[in-house]
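Peer 1: Counting from 35, one number per residue, gives the positions in the sequence shown under the working numbering. Quick one: the structure is below, questions incoming.
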Amino acid sequence: MFSLQPERAEDAPAIDTLMDHAFGANRLERTVYKLRLGAPAEGLSFVARQDGAFVGSIRFWQVEMDLGVPGVLLGPLAVEPHLRGKGIGKALVGHGLAAAAKIGHGICLVSGDPDYYGPFGFVAADPLGLKLPGPVTPGHFQIKELSPGWLALARGEVRRPFARSMVAA
Ligand SMILES: CC(C)(COP(=O)(O)OP(=O)(O)OC[C@H]1O[C@@H](n2cnc3c(N)ncnc32)[C@H](O)[C@@H]1OP(=O)(O)O)[C@@H](O)C(=O)NCCC(=O)NCCS
C-alpha cells in the first residue's frame, strides 16, 4: 500500500528523473514551465511512497490572472511506470486539490488530458477567456473552482505573481 506525504528536499532528484522519463528531457520547453520557475506553491508538493520508496509526485505553482486574481497551477504529476493504474495518481490529485482548498486557494488550473482531469471537476478554461503564456495541446487547458465564486473572477493571461511585482517595481 502507498502513502502520501509532503515532499522533502531529498526527493528532488527522484522527482526530476521521473518527470524526465514521463514527459521527455525537453519537458522544460513546454509552456507550463514558464509558470513553474522558482519554488512550488507553499505546502502543496506531495509524494507517494510505497514501502518507503518514492513512487509518485505532484506539485502546484502559484499563478495569477487579470486583476491579480490568484490561483494555483497543477503539475507536473507522474507515477512510476510499474505502479500506474493502481490509484496513486488519483490519490495525489485528490490530496493536492483538497490541500489547496484548505489553504484557501480558489482556483486550480492544469494543462493535461481532459479525460483524466474531468472526473476531478476540471472544465475547459479557454471559453472563460483564459490563456496560458504560449501554446498547449488544444483542449488541455482546464480550470477547477476550489471555493465558490472564484470561477467568475478568472480571466486573462495566466502569469507568475512575481512578473507583476517586477512590472510594478
Ligand atoms: C497520468 C498518471 C499520473 C496517472 O496515474 P495513475 O496512478 O496511473 O492513475 P490512477 O491509477 O490513479 O488512475 C486514475 C484513473 O485515471 C485513468 N487514467 C490514467 N491515466 C490516464 C490518462 N493518461 N488519460 C485518461 N485517463 C487516465 C485510469 O484509467 C483510472 O480510471 P478509473 O478510476 O476509472 O479506473 C500516470 O499514468 C503517469 O504518470 N503518466 C505519465 C505522466 C502523465 O501523463 N502525467 C499527467 C500529465 S497530464
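C-beta atoms are modelled at their ideal positions from N, C-alpha and C, and glycine is treated no differently.
Kindly identify the DSSP beta-bridge partner or partners of ARG83.
Peer 2: By 1-based counting over the sequence shown, the position of residue 83 is 49. Note: ARG83 sits in a beta bridge opposite SER37 and PHE88.
Peer 1: Assuming PRO115 contacts TRP95 (C-beta within less than 8 Å), just tell me the rounded distance between them.
Peer 2: As a first step, residue 115 must be located in the sequence shown, where it is residue number 81. As a first step, residue 95 must be located in the sequence shown, where it is residue number 61. In fact, because the Cβ distance is near 24 Å, the residues do not count as touching under 8 Å.
Peer 1: Mind checking whether TYR150 and GLN176 have CB atoms under 7 Å apart?
Peer 2: Within the sequence shown, numbered from 1, the residue matching residue 150 stands at position 116. Within the sequence shown, numbered from 1, the residue matching residue 176 stands at position 142. Their beta carbons are not under 7 Å apart, which means TYR150 does not touch GLN176 by this criterion.
Peer 1: Kindly indicate the opening and closing residues of the beta strand (DSSP E) around PHE57.
Peer 2: In the sequence shown, residue 57 corresponds to position 23, counting from 1. Not the beta strand (DSSP E): PHE57 falls in the alpha helix (DSSP H), residues 46 to 57.
Peer 1: Hey, how far is the Cα of HIS55 from the Cα of GLY155?
Peer 2: Your numbering for residue 55 matches position 21 in the sequence shown. Your numbering for residue 155 matches position 121 in the sequence shown. So the two alpha carbons sit approximately 28 Å from each other.
Peer 1: When DSSP builds the beta bridges, which residues end up paired with GLU63?
Peer 2: The count along the sequence shown starts at 1 and reaches residue 63 at position 29. DSSP, once it has assigned bridges, lists no residue as partnering GLU63.
Peer 1: On the three-pair Cβ rule with 8 Å, is the segment 162 to 177 touching the segment 80 to 90?
Peer 2: no
Peer 1: Using 10 angstroms around the beta-carbon of GLY102, count the other beta-carbons present and answer buried if the total reaches 16, otherwise exposed.
Peer 2: The residue given as residue 102 occupies position 68 in the sequence shown. Looking at its Cβ environment, which holds fewer than 16 other Cβ atoms inside 10 Å, GLY102 is exposed.
Peer 1: Report the three-state DSSP secondary structure of PHE154 (helix, strand or coil).
Peer 2: As a position in the sequence shown, residue 154 is number 120, starting the count at 1. PHE154 falls in the helix class under three-state DSSP.
Peer 1: Starting from LEU95, follow its DSSP beta bridges and name the residues at the other end.
Peer 2: Translated into the one-based positions of the sequence shown, residue 95 becomes position 61. First, the residue type needs correcting, since residue 95 is Trp and not Leu in the sequence shown. Paired residue(s): LEU107.
Peer 1: With VAL66 and LEU107 assumed to form a contact (beta carbons below 8 Å), what rounded beta-carbon distance in angstroms separates them?
Peer 2: As a working mapping, residue 66 is identified with position 32 in the sequence shown. As a working mapping, residue 107 is identified with position 73 in the sequence shown. Confirmed, Cβ separation roughly 7 Å.
Peer 1: Taking the C-alpha atoms as reference points, what is the distance between PHE88 and ARG118?
Peer 2: Walking along the sequence shown from the start, residue 88 turns up at place 54. Walking along the sequence shown from the start, residue 118 turns up at place 84. Each residue's alpha carbon lies about 13 Å from the other.
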